[in-house]
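Structure record follows, encoded as structure tokens.
There are 2 protein chains.
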Amino acid sequence: MGRIVQKFGGTSVADLDRIRAVAQRVKQEVDAGHQVAVVVSAMAGTTNQLVAWARDIGPIHDAREYDTIVASGEQITVGLLAIALQNIGIDARSWLGWQIPFHTDEVHSAARIEHIDTAAIAERLDQGQVVVAAGFQGISPEGRITTLGRGGSDTSAVALAAALEANRCDIYTDVDGVYTTDPRIMPKARKLNHVTFEEMLEMASAGAKVLETRSVAMAMRHNVNLQVRSSFTSDEGTMVVDEDNDMEKQKISGIAYSRDEAKVTLVGLPDKPGIAATIFEKLAENHINVDMIVQSASPDKSRTDITFSVGALNADKAVACLKTIEADLEYKDIVSDPDVAKVSIIGTAMRSQPGIAKTMFSVLAEKGINLHVISTSEIKISVLIDADYTELAVRSLHDAFGLEEA
Amino acid sequence: MGRIVQKFGGTSVADLDRIRAVAQRVKQEVDAGHQVAVVVSAMAGTTNQLVAWARDIGPIHDAREYDTIVASGEQITVGLLAIALQNIGIDARSWLGWQIPFHTDEVHSAARIEHIDTAAIAERLDQGQVVVAAGFQGISPEGRITTLGRGGSDTSAVALAAALEANRCDIYTDVDGVYTTDPRIMPKARKLNHVTFEEMLEMASAGAKVLETRSVAMAMRHNVNLQVRSSFTSDEGTMVVDEDNDMEKQKISGIAYSRDEAKVTLVGLPDKPGIAATIFEKLAENHINVDMIVQSASPDKSRTDITFSVGALNADKAVACLKTIEADLEYKDIVSDPDVAKVSIIGTAMRSQPGIAKTMFSVLAEKGINLHVISTSEIKISVLIDADYTELAVRSLHDAFGLEEA
Chain H
0 MGRIVQKFGG TSVADLDRIR AVAQRVKQEV DAGHQVAVVV SAMAGTTNQL VAWARDIGPI
60 HDAREYDTIV ASGEQITVGL LAIALQNIGI DARSWLGWQI PFHTDEVHSA ARIEHIDTAA
120 IAERLDQGQV VVAAGFQGIS PEGRITTLGR GGSDTSAVAL AAALEANRCD IYTDVDGVYT
180 TDPRIMPKAR KLNHVTFEEM LEMASAGAKV LETRSVAMAM RHNVNLQVRS SFTSDEGTMV
240 VDEDNDMEKQ KISGIAYSRD EAKVTLVGLP DKPGIAATIF EKLAENHINV DMIVQSASPD
300 KSRTDITFSV GALNADKAVA CLKTIEADLE YKDIVSDPDV AKVSIIGTAM RSQPGIAKTM
360 FSVLAEKGIN LHVISTSEIK ISVLIDADYT ELAVRSLHDA FGLEEA
Chain S
0 MGRIVQKFGG TSVADLDRIR AVAQRVKQEV DAGHQVAVVV SAMAGTTNQL VAWARDIGPI
60 HDAREYDTIV ASGEQITVGL LAIALQNIGI DARSWLGWQI PFHTDEVHSA ARIEHIDTAA
120 IAERLDQGQV VVAAGFQGIS PEGRITTLGR GGSDTSAVAL AAALEANRCD IYTDVDGVYT
180 TDPRIMPKAR KLNHVTFEEM LEMASAGAKV LETRSVAMAM RHNVNLQVRS SFTSDEGTMV
240 VDEDNDMEKQ KISGIAYSRD EAKVTLVGLP DKPGIAATIF EKLAENHINV DMIVQSASPD
300 KSRTDITFSV GALNADKAVA CLKTIEADLE YKDIVSDPDV AKVSIIGTAM RSQPGIAKTM
360 FSVLAEKGIN LHVISTSEIK ISVLIDADYT ELAVRSLHDA FGLEEA
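Those protein sequence lines, which keep their order, are chains H and S. Using numbering that gives the first Met the number 0, read the first sequence as starting at 0 and increasing by one per residue. Using numbering that gives the first Met the number 0, read the second sequence as starting at 0 and increasing by one per residue.
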């Protein structure tokens, strides 16, 4: 007996049959005696249609209107799921973001949840009614509909679990858990039973698409018991947990990769103090997130090269905005390369196991894979490589670190 | 200079091009110096999809969830239209039913508007911002989304015009006004420049599909200047006005017909007091609206026949529920006939011109058209005839009353 938040994404509610299957999943938890709040996304096809309409109606985008349009997607799903539950004898009602409400800031299309009033829904849960909540949406201080940005339903679910002090937050998805790496490119990839919050965070930001970064950070902050599991099988999924102290981890946990990267190099910059600051301030002003950075000596000793990686969609914008300060930077050339990928190994084991970086670099060197940029955190090492080598790098590292064995 | 409410239905906003055309219509009024509030329906295809989903998800229909689902349709349109307006330089924002708000009662799917808080939107209108309001929807006392039933956007527009004390309420539709009869079956049908509220009411309830009955009644009650005009041409439409006192009308105004009728006859009822009351009470209890009624002598003198008309969809239900009280009614037979149509002539001229009924019956008799039931009001005469004769009846009456000439 306890409170459970279940979250079902767009592919899990893509049509009426799947919504009925979701209703059965909810029923299992209700039958087990739990109080259940369900958070749902829009039906997969609906979101695409709404986004296309909002983009195509005209070049000017008022984010408040955009949010009004796309938030109708979850509105449809919550109503349909509530009816599906009622049809199998489960007391249920739908709740829109503004009805609960999910109070957010006013940053439309990328709003942050500030506070959830749980009084009304907690009362319904105590009465045994299933709460069917629209994910992804909230209400601004001005009373307008906001959205959290795509993928935001994970964050809605975790925030709701935290506010309701739920015993568990189950994120249902089209994979059955978190894997050591992407099974599509490494058949020997193994499902993890546990992963720590920090590892999950690093995996998400390194390109693993299982959970959204913000939702993991929020779960960590509020210590929400998070589980990733499949909508389509009844297998146990992967629990995302606090770092496990009773066992010294011997291995890294996973390998992530991302092809949505581009490399930009400024060649032959004058080697003077403050030049890096000028560059990265300019990029920040233009809302371009820089991921990895390396500075290297130019053949001309008085000059230096700076290479950094950005999201592939931002590469042209980064080049264009740095060209506007060409006179200040005095670089000799600026080049961008979209054919790169980032491969990362992640694991809290790095804290206690020296030599992991050395192993990684040796393995890649043996395969003749050139490393353009390297970056590390306490529990992660990322390298930027030519995109063509992505699969080879992932498989070689998976073998080298013995990830197929539990 | 004044305040104008414009209403655009589902076919007028059926795709992005039409929404852009609507934006141009709005711009014309803004450019003419008017304050403009626009009420829109859902895109025609969207409504059909939403209704289909809500029906197909399961046999139990919680009307509150149904309303949540279908109200997302207008939510999409208001956002798109607001963006379309902004893209042609018009300041505009969308308003959902709960944001304005349109307070309604709690009768989901057939809610009545009780009160509209116009403070917030009136302030925006005064600032020159176009108000883009979702039609068809409101908010219940409990804070849930309600809908007014299909076609309810006309009522939303008239209610908003009344609450805002607008100078005019223009209902844009796919016809360019109110005609003397349906031009599809009578090519000589003529567009009316004026029609009175009462005539419009009778026409709507007699089957003319131009305006919803409730919206006309509301316009009459609040004396809203209502105009029916085309979304696709810039011609003047038909003004719905208070009865014109300075001119004695010589002719009827229009001929309406409806094929959505069925005739039910109870044969050989005992001719005793209270038997009609028993029948019509039973039907009312089962929410079956009876339109026309006639009682006639049976060949057996101690017995009587009662014939009435109901909406075609209710015929089987009416027969079934009367069969449950067969023992009380002691009828000899009950028969229903769906192949009937109602043809009505409407006009305030009937008040001052005697002989209109006689002309009508003579014309129909000349054509050999049998009248099953007749009903009259002060400004309307309706007859129930065999459906096959509908077009012939409409055309003959149109000619006989000289409606092609202004």
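Cβ coordinates follow ideal geometry from the N, Cα and C atoms, glycine included.
- Residue contact with chain H for residue 155 (chain S): absent (no Cβ-Cβ distance below 7 angstroms to any residue of chain H).
- Boundaries of the alpha helix (DSSP H) harbouring residue 78 (chain S): 71-86, taken from the DSSP string.
- Taken through DSSP and simplified to helix, strand or coil, residue 138 (chain H) comes out as strand.
- Chain-ordered listing is empty here: chain H has no CB closer than 9 angstroms to the CB of residue 9 (chain S), the nearest sitting near 15 angstroms.
- Taking the CA atoms as reference points, residue 334 (chain H) sits about 29 angstroms from residue 356 (chain H).
- The Cβ atoms of residue 152 (chain H) and residue 40 (chain H) sit closer than 7 angstroms to each other.
- With contacts defined by Cβ atoms closer than 7 angstroms, residue 82 (chain S) and residue 64 (chain H) form a contacting pair.
- Residues of the region 25-54 of chain H with a C-beta atom less than 8 angstroms from some C-beta of chain S are 49, 52, 53, listed in chain order.
- Residue contact check for residue 83 (chain H) against chain S: a CB pair falls below 7 angstroms.
- Close to chain S, meaning a Cβ-Cβ distance shorter than 8 angstroms, are the following residues of the region 97-113 of chain H: 97, 98.
- In the DSSP assignment, residue 112 (chain S) forms a beta bridge with S:103.
- Taking a cut-off of 8 angstroms for Cβ pairs, the region 74-91 of chain S and the region 55-64 of chain H touch, as three or more such pairs fall below it.
- No residue range can be given for residue 191 (chain S), since it is assigned to no beta strand (DSSP E) and is classified by DSSP as neither H nor E.
- With a threshold of 7 angstroms between beta carbons, residue 259 (chain S) makes no contact with chain H.
- Taking 7 angstroms as the threshold, the shortest C-beta distance from residue 253 (chain H) to chain S does not fall below it.
- Note on residue 296 (chain S): under 16 other CB atoms within 10 angstroms of its CB, so exposed under the neighbour-count rule.
- In the pairwise beta carbon analysis, the region 161-174 of chain S is classified as not touching the region 369-379 of chain S: fewer than three pairs are separated by under 8 angstroms.
- Residue 237 (chain H) sits close to residue 227 (chain H), with the two beta carbons spaced by under 7 angstroms.
- Interface flag for residue 67 (chain S) against chain H is set, since a Cβ pair is found closer than 7 angstroms.
- Under the 7 angstroms criterion on CB atoms, residue 128 (chain S) is classed as non-interfacial with respect to chain H.
- Here the alpha carbon of residue 224 (chain H) sits roughly 36 angstroms from the alpha carbon of residue 55 (chain S).
- Taking the beta carbon of residue 61 (chain S) as reference, the chain H residues within 7 angstroms of it are 81, 82, 85, listed in sequence order.
- The three-state reading of DSSP puts residue 41 (chain H) in coil, since its state is none of H, G, I, E or B.
- When DSSP states are grouped into helix, strand and coil, residue 157 (chain S) belongs to the helix group.
- About 6 angstroms separates the CB atoms of residue 342 (chain S) and residue 384 (chain S); that is less than 8 angstroms, so the two are in contact.
- The beta carbon of residue 23 (chain H) sits no closer than 7 angstroms to any beta carbon of chain S.
- DSSP, read as helix, strand or coil, puts residue 268 (chain S) in strand.
- Around the beta carbon of residue 126 (chain S), fewer than 16 other beta carbons lie within 10 angstroms, which makes this residue exposed.
- Within the region 274-343 of chain H, the complete alpha helix (DSSP H) segments at least 4 residues long are 274-284, 314-322, 325-328, listed from N- to C-terminus.
- Burial check for residue 134 (chain S): the Cβ neighbour count within 10 Å reaches 16 or more, so the residue is buried.
- Pairing residue 70 (chain H) with residue 144 (chain H) gives a Cβ-Cβ distance under 7 angstroms.
- In the three-state reduction of the DSSP assignment, residue 89 (chain H) falls in the coil class.
- A residue is called buried once 16 or more other Cβ atoms fall within 10 Å of its Cβ, and residue 106 (chain H), having fewer, is exposed.
- Residue pairing by DSSP puts residue 253 (chain S) in a beta bridge opposite S:345.
- Taken through DSSP and simplified to helix, strand or coil, residue 374 (chain H) comes out as strand.
- Non-local C-beta neighbours of residue 312 (chain H) in its own chain, meaning closer than 8 angstroms and more than five positions away in sequence, comprise 259, ordered along the chain.
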